[in-house]
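Numbering (my numbering), first residue to last: 0 to 85.
Heads up: the structure comes next, in structure tokens.
Below you can see the structure in the form of structure tokens.
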């Protein structure tokens with residue numbers, strides 16, 4: 000029996016991504032929801048092999064984002080957190 004990974008992918012709801020770096024990257028048009036989905040699955044696979052990487056590191060490793068794009072999304076995330084905390 001063959002295992003088909005495409006049926007086991009995590010389905011993400013974009014509304015649930017608010018506040019997460021992936022949501023900011025999608026919002027700024029850097030990645031798609033499908034790319035984030037693939038990256039999250041790959042992140043879990045790496046973790047099972049003992050390699051713990053942040054989602055930003057995984058997205059960079061897969062070539063989906065540049066360090067500059069990730070930094071821009073992180074700045075927006077921090078600004079929003081600061082704005083909502085105060």
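Where is the CB? At the ideal position from N, CA and C, for every residue including glycine.
It should be emphasised that the depicted structure is a prediction, and the values quoted were computed from it without experimental measurement.
- prompt: Can you give the beta carbon distance from residue 87 to residue 61, rounded, assuming they're within the 8 Å contact cut?
  reply: The first residue shown for the chain is 0 and the last is 85, placing residue 87 beyond what the model contains.
- prompt: From the beta carbon of residue 40, is the nearest beta carbon of chain C less than 7 Å away?
  reply: Protein chain content of the structure displayed is limited to a single chain, and chain C is not contained in it.
query: Hey, how far is the Cα of residue 50 from the Cα of residue 64?
result: 20 Å
- prompt: Which residues mark the beginning and the end of the alpha helix (DSSP H) in which residue 44 is found?
  reply: Element bounds for residue 44: 32-47.
task: Answer with buried or exposed for residue 161, where buried requires no fewer than 16 other C-beta atoms within 10 angstroms of its C-beta.
output: Because the chain spans 0 through 85 in this model, residue 161 falls outside it and cannot be assessed.
message: Can you tell me whether residue 64 is helix, strand or coil according to DSSP?
response: coil
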